[in-house]
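Asks:
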Amino acid sequence: MAVSNESSRTVVDAGQSATLAGAAREVRQSSRWTWLRSRNLIIGASILAILVSAAIFAPWLTPYEPQAQVPEEALQSPSLDHPFGTDNFGRDMFTRVLYGARIDLRVGVIAVLSPFVIGVLIGCIAGYFGGWADTLAMRAVDIVQAFPFLVLVIFIVSVLGPGLRNMYIAVALVAWIVYARLIRSSILAERNKEYVVAAQAIGGNDLRIITQHVFPNVITPCIVFAMTDIALYIGLAAGLSYLGLGERPPAPEWGAMISSGQPFMTTAWWISAIPGAAIVVTGIAFSLLGDGIGDALRPGSRA
Amino acid sequence: MSRGQYILRRLVQMVPVVFAITLIIFIMLRAIPGDPAQTFLGDKATDQQIEIVTREMGLDKPIYVQYGYYLRNLVTLDLGDSLKYRVPVSTLLWSRLKVSLSVVLVTGIFIMLLSLPLGILAALKKDSLIDNIVRSALMVTMVMPSFYTGILLIIGLSIKLDLFPVSGYGDTFTEHLHHLVLPSLTLALGISPILIRVLRSSILEALDSDYVNTARAKGLTEQKVITLHVLRNALIPTVTLFGVTIGGLMGGTVITEKVFALPGAGALLVDSVAARDYPTVQSATFIFAMMVILVNLATDILYSFLDPRVELG
Chain E
11 MAVSNESSRT
21 VVDAGQSATL
31 AGAAREVRQS
41 SRWTWLRSRN
51 LIIGASILAI
61 LVSAAIFAPW
71 LTPYEPQAQV
81 PEEALQSPSL
91 DHPFGTDNFG
101 RDMFTRVLYG
111 ARIDLRVGVI
121 AVLSPFVIGV
131 LIGCIAGYFG
141 GWADTLAMRA
151 VDIVQAFPFL
161 VLVIFIVSVL
171 GPGLRNMYIA
181 VALVAWIVYA
191 RLIRSSILAE
201 RNKEYVVAAQ
211 AIGGNDLRII
221 TQHVFPNVIT
231 PCIVFAMTDI
241 ALYIGLAAGL
251 SYLGLGERPP
261 APEWGAMISS
271 GQPFMTTAWW
281 ISAIPGAAIV
291 VTGIAFSLLG
301 DGIGDALRPG
311 SRA
Chain H
452 MSRGQYILRR
462 LVQMVPVVFA
472 ITLIIFIMLR
482 AIPGDPAQTF
492 LGDKATDQQI
502 EIVTREMGLD
512 KPIYVQYGYY
522 LRNLVTLDLG
532 DSLKYRVPVS
542 TLLWSRLKVS
552 LSVVLVTGIF
562 IMLLSLPLGI
572 LAALKKDSLI
582 DNIVRSALMV
592 TMVMPSFYTG
602 ILLIIGLSIK
612 LDLFPVSGYG
622 DTFTEHLHHL
632 VLPSLTLALG
642 ISPILIRVLR
652 SSILEALDSD
662 YVNTARAKGL
672 TEQKVITLHV
682 LRNALIPTVT
692 LFGVTIGGLM
702 GGTVITEKVF
712 ALPGAGALLV
722 DSVAARDYPT
732 VQSATFIFAM
742 MVILVNLATD
752 ILYSFLDPRV
762 ELG
């Protein structure tokens, strides 16, 4: 989903919210073995496990330093000494891609946290209480939605200044709407169900009803969606670095590495191509994981 | 509610949203550190010059008056002068928008050319080798960042095969088209997977439905069942999604325009951000937001025509 992040995010949202909304209800029915039936889940989790280990054990997996420049070894094609070649400063690309996993995986996870929390909170309040709280929240959603995702993020980053921290802020301000809408529509579907009405009838307070009863039934689609969103934000961070608005060189961030390799694409393709492949593999891992969790939660319907 | 009323109501609903958009852009631009007059004049300006420009730009007035000026200027399309290019922003933006809109248009065509045949093929040959290949390939192009896809296409199709220009926009109409192929293909490869997924699953859903059973039972040929019943219904969600996609493409061309050095409005936005050319940044952001709103409105209206079941509530 990293591609043209902007447009796909609304689209994915539109496509998935419908199918995901139903998933939560069936969560209770799935036995724990159905998780193992999902091939997507297993493949996605395995790739991710490898990537996370690569990030954690990077210093032990390579003899080089990510920033160490060896001018006499510049622009070497992949070899035994340098499995992914070297860049124009003679830095080992394998090392940089490994260390890049540390940055990019962390970026994806951190970036998804705040919009997730903000969105779920606002969505819960809007969906459960309705009335003016709902109107207010939905108008805010309308306004944020009117901006193209990437344009608004670039605009905010331009005001706050470049860098990853400001990207997190920009994403939090923009991306919460997806979670708010997703959880709101699920809660609207749950609100008048017997168990909620029963809990209200015996005098349970609203906070307790939301957290104890409604929440477990509506949170799963959001978690599934967050998985695919992580892939999106890794692509976004890479894209902003590419535009010079994200992580700055010489940090071994995958997007920045692609960007710095672009002038050499005719002579040294590996400088751009390999970090790009790393983004693709990571994206696929999270997509498979998201799909897999979705599959596991609705055993009956596997399209 | 009649369709006319529905459209009217949607238009009225747009007003507060547009208003809020202008307010957000205005407030955020005022939050930028630094004196706009100083930025406008550059580092060598004297205090006297700064004072004159401050007065000309209305920066000495209270903030709500400045917002009033801002709104008035928007309505009269007087968007000020670009600090970087020293020409009226409206002229600049319009010439750049034409490029971006051409990219969107050609991308839309590519998306249809990719999505319709592949989506239908994958659904009708469900679980076959073709279906699996299409779906795996899509997963890859979907997670590829657009600038990476673009670079790979340049390496493969421009540098190695010399089929398309590496970058730029050319001077004549045919040159423009030639330059638009790779950027549009880049965007289409990223977006089509989602449409193909939705098209595939809606076709499969339609194939399972009672009306298709009925159509088959009454002896229609399979081809007629597919074209008259299955596709007609399966295309409805796809068309809506297509509209949302086109809306998303407004401004979604930013990175791709940079990769291919196209003189579009998205590239203009990024360049203006780098040059701290705020009159251009705010106008470009506003125009992009307006285009998204309009495309979404058009999609909703189109949807209400396509699907008679839709509630105009």
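In order, the protein sequences belong to chains E and H. Everything in the first sequence is counted per my numbering, starting at 11 for the first residue and increasing by one. Everything in the second sequence is counted per my numbering, starting at 452 for the first residue and increasing by one. For glycine and all other residues, C-beta sits at the position ideal for the given N, C-alpha and C. Bear in mind that the values here come from a model prediction, so they are computed numbers and not experimental data.
1. Compile a chain-ordered list of the residues in the segment 659-692 of chain H whose CB is closer than 9 Å to at least one CB of chain E.
2. Would you verify that the beta carbon of Gly293/E is, or is not, closer than 8 Å to some beta carbon of chain H?
3. Could you list the residues in the segment 594-619 of chain H with a C-beta less than 8 Å from some C-beta on chain E, going in chain order?
4. Does the segment 543-551 of chain H come within contact of the segment 666-681 of chain H, defined as at least 3 CB pairs closer than 8 Å?
5. The segment 93-117 of chain E: which residues have C-beta closer than 8 Å to a C-beta of chain H, in chain order?
6. Which of helix, strand or coil does DSSP assign to Arg38/E?
7. Compare the Cα-Cα distances from Ser196/E to each of Phe104/E, Ser270/E and Pro226/E and report the closest residue.
8. Does the distance from the CB of Thr96/E to the CB of Glu83/E come in under 8 Å?
9. Rounded to a whole number of angstroms, what is the C-alpha to C-alpha distance between Ile744/H and Ile166/E?
10. At a CB-CB cut-off below 8 Å, which residues of chain E make contact with Glu739/H?
11. How far does the alpha helix (DSSP H) with Trp70/E in it extend, from its first residue to its last?
12. In the DSSP assignment, find the unbroken alpha helix (DSSP H) run with Pro688/H in it and report its ends.
13. Starting from the N-terminal side, write out each stretch of the alpha helix (DSSP H) that is 4 residues or longer and does not extend beyond the segment 590-630 of chain H.
14. Any heavy atom of the ligand NAP closer than 7 Å to the beta-carbon of Gly171/E?
15. Could you name the residues of chain H that Val86/E contacts, counting a contact when the two beta carbons are closer than 9 Å?
16. Along the chain, where does the alpha helix (DSSP H) containing Ile148/E start, and where does it finish?
17. Using the Cβ count rule (16 or more neighbours within 10 Å means buried), how would you classify Pro688/H?
18. Using the beta-carbon of each residue, which ones in chain E are nearer than 8 Å to Leu589/H?
19. On the DSSP bridge list, what partners appear for Thr96/E?
20. Counting only the same chain and skipping the five closest in sequence on each side, list residues whose C-beta sits under 6 Å from that of Tyr521/H.
21. Nearest chain H C-beta to Val80/E closer than 8 Å, yes or no?
22. With DSSP as the reference, label Asp661/H as helix, strand or coil.
23. How do the segment 633-640 of chain H and the segment 602-619 of chain H stand: do at least 3 beta-carbon pairs fall below 8 Å, yes or no?
24. Give the DSSP bridge partners of Asp532/H, in chain order.
25. Please decide whether Ala496/H counts as near chain E, where near means a Cβ-Cβ distance under 8 Å.
26. Under three-state DSSP, which class holds Asp301/E?
27. Compute the distance between the beta-carbons of Ile647/H and Gly570/H, then report whether it is under 8 Å.
28. Flag this pair as yes or no: are the beta carbons of Val681/H and Leu658/H separated by less than 8 Å?
29. What do you get for Tyr178/E, buried or exposed, if any count of 16 or more other CB atoms within 10 angstroms of its CB means buried?
Replies: Short version:
1. Pro688, Thr691 and Leu692
2. Here residue 293/E refers to the residue found at position 283 when the first sequence is read from its first residue. Yes, because at least one Cβ of chain H sits closer than 8 Å to the Cβ of Gly293/E.
3. Val594, Met595, Pro596, Ser597, Phe598, Tyr599, Thr600, Ile602, Leu603, Ile605, Ile606 and Ile610
4. no
5. none
6. Translated into the one-based positions of the first sequence, residue 38/E becomes position 28. Here the model assigns Arg38/E a pLDDT of 43, short of 50, so the residue's position is not dependable and the matter cannot be decided.
7. Mapped onto the first sequence, residue 196/E falls at position 186. Taking only the C-alpha atoms, the option nearest Ser196/E is Pro226/E.
8. The residue given as residue 96/E occupies position 86 in the first sequence. The residue given as residue 83/E occupies position 73 in the first sequence. Yes; because the gap between Cβ atoms is below 8 Å, this pair is in contact.
9. The residue you call residue 744/H lines up with position 293 of the second sequence. The residue you call residue 166/E lines up with position 156 of the first sequence. The straight-line gap from Cα to Cα measures roughly 20 Å.
10. Along the second sequence, one-based indexing puts residue 739/H at 288. It is worth fixing the name first, because residue 739/H is Phe in this sequence and not Glu. Per Cβ cutoff of 8 Å: Phe157, Pro158 and Val161.
11. The residue you call residue 70/E lines up with position 60 of the first sequence. Its alpha helix (DSSP H) spans residues Ala68 to Leu71.
12. As a working note, residue 688/H is residue 237 in the second sequence. Unbroken alpha helix (DSSP H) run through Pro688/H: Arg683 to Leu700.
13. 597-604
14. Only the bare structure without any ligand can be found here, which leaves the ligand NAP out of the picture.
15. Indexing the first sequence from 1 puts residue 86/E at position 76. According to the sequence displayed, residue 86/E carries Gln and not Val. Under the 9 Å cutoff, chain H gives no residues; its nearest Cβ is about 19 Å from Gln86/E.
16. As a working note, residue 148/E is residue 138 in the first sequence. The sequence as given places Met at residue 148/E; Ile does not occur at that position. Its alpha helix (DSSP H) spans residues Gly141 to Ala156.
17. Taking the first residue of the second sequence as position 1, residue 688/H is located at position 237. With 16 or more Cβ atoms within 10 Å of its Cβ, Pro688/H is classed as buried.
18. Taking the first residue of the second sequence as 1, we reach residue 589/H at position 138. The premise fails here: Leu589/H is roughly 10 Å from chain E at the closest Cβ pair, so nothing lies under 8 Å.
19. Working through the first sequence from its first residue, we reach residue 96/E at position 86. Looking at the DSSP assignment, Thr96/E forms a beta bridge with Asp102/E.
20. Residue mapping note: residue 521/H aligns to position 70 of the second sequence, counting from 1. Phe477.
21. Taking the first sequence and counting its residues from 1, one reaches residue 80/E at position 70. For Val80/E, the answer is no, since every Cβ of chain H falls outside 8 Å of its Cβ.
22. In the second sequence, counting from the first residue as 1, residue 661/H sits at position 210. Residue state, collapsed to three classes: helix.
23. yes
24. As a first step, residue 532/H must be located in the second sequence, where it is residue number 81. DSSP, once it has assigned bridges, lists Pro539/H as partnering Asp532/H.
25. Position 45 of the second sequence holds residue 496/H. For Ala496/H, the answer is no, since every Cβ of chain E falls outside 8 Å of its Cβ.
26. For the purposes of this step, residue 301/E is taken as the residue at position 291 of the first sequence. Helix.
27. Position 196 of the second sequence holds residue 647/H. Position 119 of the second sequence holds residue 570/H. Going by C-beta atoms, Ile647/H is nearer than 8 Å to Gly570/H.
28. Residue 681/H sits at position 230 when you count from the first residue of the second sequence. Residue 658/H sits at position 207 when you count from the first residue of the second sequence. Taking 8 Å as the Cβ cut-off, Val681/H and Leu658/H qualify as a contacting pair.
29. Here residue 178/E is taken as the residue at index 168 of the first sequence, counted from 1. Label assigned to Tyr178/E: buried.
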